[in-house]
Amino acid sequence: MRILIAPDKFAGTLSAPEASAAIARGWRRTAPDDVIVEIPLADGGPGFLDVLRACLGGELLSLTVTGPTGAPVEAAVLMATGADDVPTAYLESAQACGLHLTEPADRDPRVTTSRGVGELLVAAIEAGARRVVVGLGGSGTNDAGAGMLAALGARAVDSGGADVSELLSLGGAGLRGIAHVDLEAARARVGGGGDLDGGAGISSGPGLTGGSGALEIIIATDVDNPLLGLRGATNGFGPQKGADQASVMVLEGSLEAFVSAVGRRPDGKEPAVALGAGAAGGLGYAFLHLGATRVPGIATVLEIVSLARRVGECDLVITGEGAFDWQSLRGKVVAGVAEAALSQGRPCLVLAGRSELGRREFAASGVSAAFSVVDHLSQQGHPSEDAFEDPAGKLADLAERAARTWSR
1 MRILIAPDKF AGTLSAPEAS AAIARGWRRT APDDVIVEIP LADGGPGFLD VLRACLGGEL
61 LSLTVTGPTG APVEAAVLMA TGADDVPTAY LESAQACGLH LTEPADRDPR VTTSRGVGEL
121 LVAAIEAGAR RVVVGLGGSG TNDAGAGMLA ALGARAVDSG GADVSELLSL GGAGLRGIAH
181 VDLEAARARV GGGGDLDGGA GISSGPGLTG GSGALEIIIA TDVDNPLLGL RGATNGFGPQ
241 KGADQASVMV LEGSLEAFVS AVGRRPDGKE PAVALGAGAA GGLGYAFLHL GATRVPGIAT
301 VLEIVSLARR VGECDLVITG EGAFDWQSLR GKVVAGVAEA ALSQGRPCLV LAGRSELGRR
361 EFAASGVSAA FSVVDHLSQQ GHPSEDAFED PAGKLADLAE RAARTWSR
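Residues 1 to 408 (the UniProt record's numbering) make up the sequence shown, in order.
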């Protein structure tokens, strides 16, 4: 048999490449003659750049940028030329402002900044990029992209007209002290314009403004939340970044004030209500103000790695992630892989840390069977907590078990 292994990361335990290697190792114990092809995947979040580099090659520019707490962090820009010969830079926002960059006890989205993302964008422009694809996801920030805009030259004043531009880079809570934001310099840096209604693919043609001097910015994210409200950046994602209820109220009020201070785009459109504005703590909102086009994160990655073709070349597809739940079937890696398998008539297995879905819930999505580390341990009389001890080994054991049923 020819097996395609294409998992997402197992959040908090294994990167996508580590998960892929563990599954392959376990599968080979049962079926050493099977031919295995590994394609670790990511959506717009952590691992986005590694996946693209493995497929595209290109030149990796290593940089030191401002991290979410203000301390320097290491990040990178991947430079590659697209099929249409457009010099393209790929950025992963999580490298500059990811939740994983802050210790759990220190997480406070009231004071974390996205400034480092703007510094990555500046580096991409200076490296000659005419198109920038930014993976949004996994952020530890909730500043509506204010820090990113500041790195591009945005300025701010308070109600008395005093310059308070430093507040743009100090986190979401301080944004309520801003009365007006001037984005002229930031827009000039990227030649921004854009269409809030469209969803161009990564191989779309000219710049977003239609002019030859415009930088084309594409944000890859599967989050379709607006910036504000119950489904917005703060209420939807703030608690998982360390915000208690009081902090959520402060941040929501600050982002409302920031939207008022920024105003609408020159074309009269309001990015705050657009799909994806709430992605990555509101970074989507800031990028949309610069004329970015939003595309689905996982669909973008699957297109780049030619997953549909590779699925068609295999007999069985295996994907996986830490938690296989209802969110997995809504624009995540597992959903994208399962859909590709279904369209090619290939069986698809999900190997997960834990599974909360039954066959009736996942079958229509193209998943043939699901295996869970937690369930496997339970059947052996071990507590679920053991899943965190040697997670790669536990995943390999699960793959070995799955191969006994599915390899032929």
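Cβ coordinates follow ideal geometry from the N, Cα and C atoms, glycine included.
Run through DSSP, which three-state label would residue 218 get?
Residue 218: strand per DSSP, three-state reduction.
Quick one: residues in its chain with C-beta nearer than 6 Å to the C-beta of residue 386, no 5 flanking neighbours on either side, listed in chain order?
377
Tell me residue 352's beta-bridge partners as DSSP assigns them.
321, 372
Can you tell which of 54, 83, 29, 118 has its C-alpha closest to the C-alpha of residue 64?
118
Can you tell me which of the three DSSP states residue 23 falls into?
helix
I'd like the list of long-range same chain contacts for residue 253, defined as Cβ closer than 7 Å, with 5 residues on each side in sequence excluded.
176
Which word fits residue 40, buried or exposed, when buried means at least 16 other C-beta atoms lie within 10 angstroms of its C-beta?
buried
With DSSP collapsed to three states, give me the class of residue 163.
strand
Could you check whether the region 83 to 91 touches the region 126 to 141, counting it as contact only if at least three pairs of C-beta atoms, one from each stretch, sit closer than 8 Å?
Taking one beta carbon from each stretch, the region 83 to 91 and the region 126 to 141 have 3 or more pairs nearer than 8 Å; the two touch.
Would you identify the three-state DSSP class for residue 232, choosing helix, strand or coil?
Here residue 232 sits in coil by DSSP.
Output the boundary residues of the beta strand (DSSP E) element that contains residue 1.
Unbroken run through residue 1: none, as it is neither H nor E.
When the Cα atoms are used, what is the spatial distance from residue 42 to residue 301?
7 Å
Using three-state DSSP, classify residue 152 as helix, strand or coil.
coil
Closest to residue 36 by CA distance: which of 322, 21, 44 is it?
Nearest C-alpha to residue 36 among 322, 21, 44: 21.
Check whether the region 107 to 116 touches the region 243 to 262, taking contact to mean three or more Cβ pairs, one atom from each stretch, closer than 8 Å.
Flag = yes, the region 107 to 116 and the region 243 to 262 touch.
Is the region 303 to 315 close to the region 45 to 55, with three or more CB pairs under 8 Å?
Because the criterion of three Cβ pairs below 8 Å is met, the region 303 to 315 and the region 45 to 55 touch.
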